[in-house]
Amino acid sequence: IESEPELELLSSVASRTGQRAKVSIRVNPNVDAKTHQKITTGTAENKFGVSHERASQVYARAAALPALDVIGVDMHIGSQITELEPFEQAYKLMARLTKDLQAQGHTIHHLDLGGGLGVPYRGTNDVPPHPDEYAAMVKRTLGHLGLKYMLEPGRMIVGNAGILVSRVIYVKEGDVKHFIIQDAAMNDLIRPTLYDAWHDIIPVAESADGIMMEADVVGPVCESGDYLAKARRLPKVAQGDLLAVMTAGGYGAVQSGTYNTRPLVPEVLVNGARWALVRPRQSYDELIGLDRLAAWQEKD
Numbered sequence: 002i003e004s005e006p007e008l009e010l011l012s013s014v015a016s017r018t019g020q021r022a023k024v025s026i027r028v029n030p031n032v033d034a035k036t037h038q039k040i041t042t043g044t045a046e047n048k049f050g051v052s053h054e055r056a057s058q059v060y061a062r063a064a065a066l067p068a069l070d071v072i073g074v075d076m077h078i079g080s081q082i083t084e085l086e087p088f089e090q091a092y093k094l095m096a097r098l099t100k101d102l103q104a105q106g107h108t109i110h111h112l113d114l115g116g117g118l119g120v121p122y123r124g125t126n127d128v129p130p131h132p133d134e135y136a137a138m139v140k141r142t143l144g145h146l147g148l149k150y151m152l153e154p155g156r157m158i159v160g161n162a163g164i165l166v167s168r169v170i171y172v173k174e175g176d177v178k179h180f181i182i183q184d185a186a187m188n189d190l191i192r193p194t195l196y197d198a199w200h201d202i203i204p205v206a207e208s209a210d211g212i213m214m215e216a217d218v219v220g221p222v223c224e225s226g227d228y229l230a231k232a233r234r235l236p237k238v239a240q241g242d243l244l245a246v247m248t249a250g251g252y253g254a255v256q257s258g259t260y261n262t263r264p265l266v267p268e269v270l271v272n273g274a275r276w277a278l279v280r281p282r283q284s285y286d287e288l289i290g291l292d293r294l295a296a297w298q299e300k301d
């Protein structure tokens with residue numbers, strides 16, 4: 002549960018259906034995760050959770066409502082966090098809150114720490130803490146509580162497992178910069194334009210001459226926000242070459258869309274020398290087939 006109205010609604014639904022609902026309440030610790038502003042979720046300015054200062058009052062209300070059993074404390078301060086300090090600051094607050102709630106008579110079975118541990122998007126130049134370091138910090142700050150601990154590793158598991166492969170349509174020489182126009186667009190991977198995110202981009206087959214070039218790597222969608230990289234230095238490429246956009250496994254395909262009537266790209270699962278098509282390429286017929294005429298249009 003992440004808000005008081007939601008708490009009231011769940012109590013009403015559970016009472017009406019003759020059930021008891023086990024609930025945890027998301028607490029906002031007001032800690033800056035030091036990540037991109039669009040993926041920070043644990044400050045007072047964010048929409049998520051109940052404030053740390055009001056948490057005891059909200060838990061008391063939950064305990065008083067019918068058909069609810071409070072069993073845990075939840076939190077989540079953001080995504081793609083590349084240092085341990087924000088986690089540790091938030092976890093220390095949660096530890097003190099949990100002890101206070103237990104002293105007030107609440108039975109707390111688990112603490113959900115959320116997710117957020119980042120992955121390296123810039124190779125060796127952008128390396129977040131190792132999961133072992135994170136685990137040691139969790140044990141140091143929360144281990145004494147003796148609870149069940151839950152976390153959401155998400156991006157840390159799949160981020161570096163995903164690659165978006167595109168083909169160069171042509172290379173355009175502008176008056177002030179070069180453009181590599183390729184067939185992957187912002188609708189396929191929106192992270193660069195949405196989060197100012199960096200993804201390494203490398204030719205699938207590098208040329209032997211070692212010539213480098215600097216260019217914006219862009220797609221064919223009709224707006225200037227359609228780019229995968231700006232002023233990127235990479236080996237020289239030509240029409241028809243394949244590019245690998247790295248670390249596209251987290252918040253890649255799941256955020257893709259069909260803007261500009263561009264069908265969703267296929268997904269291929271690779272395991273060593275084995276591969277399988279796990280999401281076929283969407284056809285234009287399938288895309289257009291989602292739309293319907295209104296009954297009054299069909300009569301005209």
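Residue numbers (my numbering): 2 to 301. Even for Gly, the Cβ is constructed at its ideal location relative to N, Cα and C. All values derive from a computational prediction rather than experimental measurement.
Distance check for Ala34 and Ala63, CA to CA, integer angstroms please. Taking the first residue of the sequence shown as 1, we reach residue 63 at position 62. Taking the first residue of the sequence shown as 1, we reach residue 34 at position 33. Straight-line Cα distance between these residues: approximately 28 Å.
Output needed for Tyr196: all residues of its chain with C-beta closer than 7 Å, excluding positions within five of it in sequence on either side, in chain order. The count along the sequence shown starts at 1 and reaches residue 196 at position 195. Excluding positions up to five away in sequence, the list reads His37, Lys39, Ile40.
Measure the C-alpha to C-alpha separation of Glu9 and Thr259 and round it to an integer number of angstroms. Along the sequence shown, one-based indexing puts residue 9 at 8. Along the sequence shown, one-based indexing puts residue 259 at 258. Their backbone Cα atoms lie some 38 Å apart in a straight line.
Collapsed DSSP secondary structure at Ala232 in the structure displayed: By one-based count along the sequence shown, residue 232 stands at place 231. Here Ala232 sits in strand by DSSP.
Output the distance between the C-alpha atoms of Glu207 and Val238, rounded to the nearest integer angstrom. For the purposes of this step, residue 207 is identified with residue 206 of the sequence shown, where counting begins at 1. For the purposes of this step, residue 238 is identified with residue 237 of the sequence shown, where counting begins at 1. If I take the Cα positions, the gap works out to 8 Å.
Do Gly155 and Gly116 have their C-beta atoms within less than 8 Å of each other? Position 154 of the sequence shown, counted from the first residue, corresponds to residue 155. Position 115 of the sequence shown, counted from the first residue, corresponds to residue 116. Yes, the pair counts as a contact, with Cβ atoms nearer than the cut-off.
From Ala230 to Ala186, what does the alpha carbon distance come to, in whole angstroms? One-based indexing of the sequence shown puts residue 230 at position 229. One-based indexing of the sequence shown puts residue 186 at position 185. Distance between the alpha carbons of Ala230 and Ala186 is about 11 Å.
Around the Cβ of Ser225, are there at least 16 other Cβ atoms within 10 angstroms (buried) or fewer (exposed)? As a position in the sequence shown, residue 225 is number 224, starting the count at 1. The residue in question, Ser225, is exposed, as its Cβ has fewer than 16 Cβ neighbours within 10 Å.
Taking the straight line between their C-alpha atoms, what separation do you get for His179 and Glu215? Position 178 of the sequence shown holds residue 179. Position 214 of the sequence shown holds residue 215. Each residue's Cα considered, the two are about 7 Å apart.
Could you name the residues of the same chain whose beta carbon sits closer than 7 Å to that of His107, not counting the 5 residues immediately before and after it, in chain order? The residue you call residue 107 lines up with position 106 of the sequence shown. Contacts found: Tyr60, Ala64, Val71.
Can you tell me whether DSSP reads Gly73 as helix, strand or coil? As a first step, residue 73 must be located in the sequence shown, where it is residue number 72. In this structure, Gly73 counts as strand in the three-state DSSP scheme.
When you compare each of His111, Tyr150, Pro267, Arg55 to Ser25 by their alpha carbons, which one comes out closest? Stepping through the sequence shown from its first residue, residue 25 is reached at position 24. The residue with the shortest Cα to Cα distance from Ser25 is His111.
Simplified DSSP assignment, three categories, for Asn47: Residue numbering aside, residue 47 sits at position 46 when the sequence shown is read from its first letter. In the structure shown, Asn47 sits in coil (DSSP, three-state: anything other than H, G, I, E or B).
Simplified DSSP state of Pro204, which is helix, strand or coil: Taking the first residue of the sequence shown as position 1, residue 204 is located at position 203. Three-state result, Pro204: strand.
Taking only three categories from DSSP, how would you classify Glu54? Residue 54 sits at position 53 when you count from the first residue of the sequence shown. If DSSP states are grouped into helix, strand and coil, Glu54 belongs with the helices.
Please state whether DSSP places Glu299 in a helix, a strand or coil. Walking along the sequence shown from the start, residue 299 turns up at place 298. If DSSP states are grouped into helix, strand and coil, Glu299 belongs with the helices.
Spell out whether any CB of chain B is found under 8 Å from the CB atom of Asn29. The structure shown contains no chain B, having only a single protein chain.
CA-to-CA distance, Gly50 to Arg27, given in whole angstroms: Taking the first residue of the sequence shown as position 1, residue 27 is located at position 26. Taking the first residue of the sequence shown as position 1, residue 50 is located at position 49. Taking the straight line from one Cα to the other gives about 5 Å.
So for His145, helix, strand or coil by DSSP? In the sequence shown, the residue the question calls residue 145 occupies position 144. Here His145 sits in helix by DSSP.
Taking contact to mean 3 or more Cβ pairs, one atom from each stretch, closer than 8 Å, check whether the region 128-137 and the region 164-179 are in contact. no
Thr42 to Ile82, Cα distance in whole Å? As a working mapping, residue 42 is identified with position 41 in the sequence shown. As a working mapping, residue 82 is identified with position 81 in the sequence shown. Using only the alpha carbons, I get a separation of about 11 Å.
Mind checking Val74: buried by the 16 CB within 10 Å criterion, or exposed? The residue labelled residue 74 in the question sits at position 73 within the sequence shown. The residue is buried, with at least 16 neighbouring Cβ atoms inside 10 Å.
Assigned exposure category for Val205 - 16 Cβ within 10 Å defines buried: Residue 205 sits at position 204 when you count from the first residue of the sequence shown. Exposed is the call here.
Apart from the five residues just before and just after Asn188, which ones in its own chain have a Cβ nearer than 7 Å to its Cβ? Mapped onto the sequence shown, residue 188 falls at position 187. These residues qualify, in order along the chain: Val222, Ser257, Gly258, Thr259, Tyr260, Asn261, Arg263.
Taking 7 Å as the cut-off, is the C-beta of Glu215 nearer than that to any heavy atom in the ligand ATP? Absence of the ligand ATP from the depicted structure is noted, as is the absence of any ligand whatsoever, leaving it without description.
Give me the Cα-Cα distance between Leu165 and Ile191, rounded to the nearest whole angstrom. As a first step, residue 165 must be located in the sequence shown, where it is residue number 164. As a first step, residue 191 must be located in the sequence shown, where it is residue number 190. Roughly 12 Å separates the two Cα atoms.
Assigned secondary structure, Lys100 (DSSP; H/G/I helix, E/B strand, else coil): Residue numbering aside, residue 100 sits at position 99 when the sequence shown is read from its first letter. Of the three classes helix, strand and coil, the one that applies to Lys100 here is helix, per DSSP.
Would you list, in sequence order, the uninterrupted alpha helix (DSSP H) runs of no fewer than 4 residues that lie entirely inside the region 133-199? 156-159, 192-196
Which term fits Ala56, buried or exposed, when burial requires 16 or more other beta carbons within 10 angstroms of its beta carbon? Position 55 of the sequence shown, counting from 1, holds the residue named residue 56. Buried: at least 16 other Cβ atoms inside 10 Å.
Name the DSSP bridge partner or partners of Asn29? As a first step, residue 29 is located in the sequence shown; it is residue number 28 there, counting from the start. Beta-bridge pairing links Asn29 to Ser52.
Under the assumption that Met76 contacts Leu114 (Cβ atoms under 8 Å), give the Cβ distance between them as a whole number of angstroms. Your numbering for residue 76 matches position 75 in the sequence shown. Your numbering for residue 114 matches position 113 in the sequence shown. With a Cβ gap of about 7 Å, Met76 and Leu114 count as contacting.
Give every residue of the same chain whose Cβ lies closer than 8 Å to the Cβ of Pro121, excluding the five residues on either side of it in the sequence, and list them in chain order. As a position in the sequence shown, residue 121 is number 120, starting the count at 1. So the qualifying residues of the chain are Asp127, Val128, Pro129, Asn161, Thr248.
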